[in-house]
Amino acid sequence: MIKDAQLRLSNAQALTTGTQISTNSIDLLVSKRNLGRNLGLRMYINVDVTFTGGTSVAPQIIESDNADLSSPTVLATGPTRAEATLVAGQPVWDVAMPDTTKRYVGVQYVNVGTHTAGAVSAHLVAGTDYANNLPAWTGR
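One gets our numbering by counting positions in the sequence shown from 1 and adding 266 to each.
Next comes the structure, spelled out in structure tokens:
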């Protein structure tokens with residue numbers, strides 16, 4: 267997996283309660299760039315600090331016309347992960363980057379319950395070790 271600091275949306279970001287937006291956004295410089303098309307980019311989110319005290323977390327890829335990601339549009343929603351599965355070192359979500367139409371991209375985390383501990387990192391990456399769909403050689 268190739269990571270770049272400029273494509274890091276959350277860096278060991280502590281999650282507590284409610285809906286929290288990633289500490290960083292990615293500026294595509296123009297709207298309608300369509301980041302997901304043919305670039306092979308993936309959104310990869312992993313747990314840095316084991317979660318305790320809450321119930322679950324569901325990540326969402328968002329886009330916005332604003333750098334602070336206010337008034338976002340949800341592009342994709344990840345599975346709701348129960349707190350018992352949110353253990354340090356484990357991936358939370360690894361998904362192909364969807365098509366985009368607005369200038370800024372980020373992540374928001376929908377928390378259920380109040381977490382007393384727990385942190386995640388989110389990156390836009392080129393290739394991961396956890397891809398859900400692997401290409402198959404057809405022999406042709």
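Built from N, CA and C at the ideal position, the CB exists for glycine as well.
Using the three-state DSSP reduction, which class does residue i fall into: helix, strand or coil?
i           : result
residue 289 : coil
residue 282 : coil
residue 276 : strand
residue 348 : strand
residue 271 : helix
Got a sec, what are the start and stop residues for the beta strand (DSSP E) residue i sits in?
i           : result
residue 362 : 357-362
residue 372 : 370-392
residue 320 : 307-330
residue 340 : 339-343
Give me the Cβ distance between residue i and residue j, rounded to the nearest whole Å; I'm assuming they're in contact under 8 angstroms.
i           : j           : result
residue 345 : residue 362 : Not quite, the Cβ-Cβ distance comes to about 15 angstroms (not below 8 angstroms), so this is no contact.
residue 341 : residue 366 : 7 angstroms
residue 308 : residue 270 : Contact flag wrong, Cβ pair sits at about 13 angstroms.
residue 274 : residue 389 : 5 angstroms
Could you tell me which of the options sits nearest to residue i, measuring between CA atoms?
i           : options            : result
residue 288 : 349, 296, 306, 311 : 311
residue 331 : 293, 357, 284, 319 : 293
residue 321 : 384, 370, 392      : 384
residue 382 : 284, 275, 273      : 284
residue 337 : 356, 372, 319      : 372
residue 282 : 387, 388, 375      : 375
residue 351 : 313, 280, 272, 296 : 313
residue 377 : 297, 295, 272, 319 : 319
residue 368 : 291, 386, 358      : 291
residue 296 : 327, 333, 280, 358 : 333
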